[in-house]
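Read through the structure below, which is laid out as structure tokens, and then see the notes.
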Amino acid sequence: MRVTLALTAVASATVELTKASFEESVVNSGKNAFVKFFAPWCGHCKAMKPAWDELATEYEDHPSVLIADVDCTVEQDLCGEFGVSGYPTIKYFTSETDKKGESYNGGRDKAELKKFTEETLNKGCQISAVTECSEKEQAYVEKQKSKDKAALEKELGRLQGMAGGGMAAEKKQWLGQRIGLLKQLVK
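Take the sequence shown: its letters are residues 1 to 187, numbered as in the UniProt record's numbering.
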């Protein structure tokens, strides 16, 4: 009797972060990020992987939310910078958090992860629904729409360069909003 096994690989929509890509993808992207620091051998990490990957698939290519992973067996220095001492460690990064992010201590099932993402991370103004944005954001979008792509990219680079600096929380939030809007306009 001949038995044939078919193996299928499921590609994850989760962005794999490295020390080299972390700052650009998380700190300077204008997106709110949800990052899982994990070890492949960790039982709790394995248990939550399906829910995390489903969440990542839902937010893949989302203009204001990034779902990402850091493999701490590979990126030990990066995990050390973020004080990771147990697995999984989940942190979120918004314009209100500093560069070190904030710890997520909620449930690890898909429903809880999605609820947190919707309530805390999915708060960006969308160009496709600009009438639902604040007046300040609408005015900014109108002003930027008159510029060509090169000017938009230059402004985006300037703002991303400012993202790492110290500033008041309100200004940092507005900076993140502008980066998010410009990224949508540049596409």
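Even for Gly, the Cβ is constructed at its ideal location relative to N, Cα and C.
For clarity, every value in this text was computed on a predicted model and none was experimentally measured.
Next item on the list: Give the single residue among 27, 52, 138 and 150 whose Cα lies nearest to the Cα of residue 186.
Entry: Along the sequence shown, one-based indexing puts residue 186 at 186. Of the listed residues, the one whose Cα sits closest to residue 186 is 150.
Note to self: Going by beta-carbon coordinates alone, are residue 92 and residue 38 separated by less than 7 angstroms?
What the structure shows: As a position in the sequence shown, residue 92 is number 92, starting the count at 1. As a position in the sequence shown, residue 38 is number 38, starting the count at 1. No, these two residues do not count as a Cβ contact at 7 angstroms.
Next item on the list: Return the Cβ separation of residue 177 and residue 135 in integer angstroms, given the expectation that the two are a contact with Cβ distance under 8 angstroms.
Entry: For the purposes of this step, residue 177 is taken as the residue at position 177 of the sequence shown. For the purposes of this step, residue 135 is taken as the residue at position 135 of the sequence shown. The C-beta separation of residue 177 from residue 135 comes to about 13 angstroms, leaving the pair out of contact by the 8 angstroms criterion.
Checklist line | Short Cβ contact (7 angstroms threshold) for residue 13 with residue 56 | finding: If you number the sequence shown from 1, residue 13 lands on position 13. If you number the sequence shown from 1, residue 56 lands on position 56. Going by C-beta atoms, residue 13 is nearer than 7 angstroms to residue 56.
Check: Going by Cα to Cα distance, which pick from 25, 109 and 133 is closest to residue 53?
Finding: If you number the sequence shown from 1, residue 53 lands on position 53. Each of 25, 109 and 133 was checked against the Cα of residue 53, and the nearest Cα belongs to 109.
Checklist line | Buried/exposed call for residue 74, threshold 16 Cβ in 10 Å | finding: Locating residue 74 in the sequence shown gives position 74, counting from the first residue. It counts as exposed.
Next item on the list: Kindly provide the ranges of any beta strand (DSSP E) runs that are 3 or more residues long and lie completely inside the UniProt domain "Thioredoxin" (1-122), ordered along the chain.
Entry: For the UniProt domain "Thioredoxin" (1-122), whole beta strand (DSSP E) runs of length 3 or above, ordered along the chain, are 32-38, 65-71 and 89-93.
Note to self: Count Cβ pairs between the region 157-176 and the region 104-121 that sit closer than 8 angstroms; are there 3 or more?
What the structure shows: In short, these stretches do not touch, since the Cβ pair count stays below three.
Notebook entry, point to check: What first and last residue would you give for the alpha helix (DSSP H) that runs through residue 162?
Noted result: The residue given as residue 162 occupies position 162 in the sequence shown. Counting along the chain, residue 162 sits inside the alpha helix (DSSP H) bounded by residues 149-162.
Checklist line | Candidates 94, 143 and 42: closest to residue 121 by CA position | finding: In the sequence shown, residue 121 corresponds to position 121, counting from 1. Closest option to residue 121, Cα to Cα, is 94.
Check: What are the boundary residues of the alpha helix (DSSP H) that includes residue 144?
Finding: In the sequence shown, counting from the first residue as 1, residue 144 sits at position 144. That run of the alpha helix (DSSP H) goes 135-145.
Note to self: Less than 7 angstroms between the beta carbons of residue 30 and residue 147, yes or no?
What the structure shows: Your numbering for residue 30 matches position 30 in the sequence shown. Your numbering for residue 147 matches position 147 in the sequence shown. Not closer than 7 angstroms, so no.
Notebook entry, point to check: Does the separation of the CB atoms of residue 188 and residue 163 fall below 7 angstroms?
Noted result: No statement about residue 188 is possible, as the shown extent of the chain runs from 1 to 187 and does not include it.
Next item on the list: Give the C-beta separation of residue 180 and residue 124 to the nearest angstrom, bearing in mind that I take them to be a contact with Cβ-Cβ under 8 angstroms.
Entry: Position 180 of the sequence shown holds residue 180. Position 124 of the sequence shown holds residue 124. Going by Cβ atoms, the distance from residue 180 to residue 124 rounds to 5 angstroms, so yes, they are a contact pair.
Next item on the list: Take residue 84 as the anchor and find which of 25, 23 and 35 has the nearest alpha-carbon.
Entry: Here residue 84 refers to the residue found at position 84 when the sequence shown is read from its first residue. The closest CA to that of residue 84, considering only 25, 23 and 35, is found on 35.
Next item on the list: Assign residue 188 to one of three DSSP states: helix, strand, or coil.
Entry: Residue 188 lies beyond the range of the chain shown here (1 to 187); nothing can be said about it.
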